[in-house]
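For reference, each letter of the sequence shown is one residue, going 423 to 688 in our numbering.
By construction, the Cβ of each residue, glycine as well, lies at the ideal position given by its N, Cα and C atoms.
Here the structure is a predicted model, which is why all the values come from computation and not from measurement.
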Amino acid sequence: MNPVSVRQGTSPVVIAVPHAGTWLPEKVRARLNAKGEALADTDWHVDRLYDGLLPEAAIVVANFHRYVVDPNRPPDGASLYPGQNTTGLVANTDFDGEPIWTEPPTPDEIAARVAAFHAPYHAAVAAALDAAKARHGVAILYDAHSIRSRIPFLFDGTLPDLCIGTADGTSCAEVLSEEAIKIAGKSECYSHVLNGRFKGGWTTRHYGKPASGVHAIQMELAQSAYLQSEAEPFAYDDAKATSLRAVLSEILHRLEELAPDLKVTP
């Protein structure tokens with residue numbers, strides 16, 4: 423299994439999908455308990471949801487599951503949200519706080535997973551951004567995620583449908599988040615928030631350097647907006663997805679339109 427799938431593109435926008443993969447090495451699968459084997463924390467069908475929305479955009483997809491190693495966490499394991507419940511580089515629990523391992527991985531095993539999976543994924547993301555910037559003088563990373571809308575262990579209440587994260591405005595030009603929020607707000611079907619519970623993970627914070635011509639924005643979707651149910655079998659809902667895809671497509675195309683104005687002059 424190739425840990426990463428890449429579709430090359432010519433757009434200044436690069437779409438990254440770190441958590442839709444469900445593949446597990448057999449040695450990893452064998453050490454998951456029943457909770458872990460359910461893979462409930464997958465960003466179900468996000469790759470399908472975004473397929474074809476911005477045809478010229480490069481897309482980088484992690485094929486491995488986040489329980490192998492989480493590509494949206496710092497490789498040194500530092501917490502993204504100090505003082506809050508969260509999961510780490512290799513999660514010990516699921517999003518409900520329940521243990522997922524019969525035998526947790528050792529530090530050496532975690533380091534090996536970083537080298538075998540985390541590093542190749544980010545090499546592919548970096549290469550796609552470098553190619554976009556070389557072509558256009560600017561690159562915009564759109565980090566695509568989804569999560570169940572109600573997870574008391576991680577956040578109170580119900581998550582908005584579209585959660586846009588820019589590391590509190592530091593990872594991209596303000597116009598990008600302004601336009602994304604404007605489009606999200608046009609539809610009465612969807613609630614939205616900017617830099618709420620999900621401000622952008624390591625990917626957004628690591629690559630988003632507007633002064634150098636690389637902008638990054640994270641979109642965390644509530645899975646209730648496009649799944650039949652937020653429970654097994656986590657089935658894709660074509661009608662819901664069609665409606666949501668129209669909004670996401672408009673956002674992506676608008677980001678692409680804005681890119682030339684953000685071009686960095688050597």
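- The alpha-carbon of A546 is positioned some 30 Å away from that of Q506.
- DSSP lists H567, C585 as the beta-bridge partner residues of E642.
- Look at the region 573 to 626 and you find these whole runs of beta strand (DSSP E), each 3 residues long or longer: 584 to 587, 614 to 616.
- In this structure, the alpha-carbon of R570 lies about 31 Å from that of L680.
- By the neighbour-count criterion, in which a residue is buried when 16 or more other Cβ atoms sit within 10 angstroms of its Cβ, Y503 is exposed.
- By the neighbour-count criterion, in which 16 or more other beta carbons inside 10 Å mark a residue as buried, G458 falls on the buried side.
- Relative to L461, the option among E672, S665, Q640, E652 whose CA is nearest is E652.
- Runs of beta strand (DSSP E) with 3 or more residues, each lying fully within the region 491 to 550, are absent.
- G607 and V450 have their alpha carbons spaced roughly 42 Å apart.
- In terms of Cα proximity to P447, the closest of V491, L476, A668, V482 is V491.
- L471 sits away from R619, with the two beta carbons spaced by 8 Å or more.
- Straight-line measurement puts the Cα of A638 at about 32 Å from the Cα of T528.
- As the crow flies, the alpha-carbon of D469 is around 7 Å from that of V439.
- In the DSSP assignment, R667 falls within the unbroken alpha helix (DSSP H) covering 660 to 680.
- Scanning its chain for C-beta atoms nearer than 6 Å, with the 5 sequence neighbours on each side dropped, one finds around K662 the residues Y648, in chain order.
- Put simply, of N485, P434, S433, L476 the residue whose alpha carbon is nearest the alpha carbon of T444 is N485.
- DSSP, reduced to helix, strand and coil, places A633 within a helical segment of the structure shown.
- Here D578 is exposed, its C-beta having fewer than 16 other C-beta atoms within 10 Å.
- Counting along the chain, V468 sits inside the alpha helix (DSSP H) bounded by residues 468 to 472.
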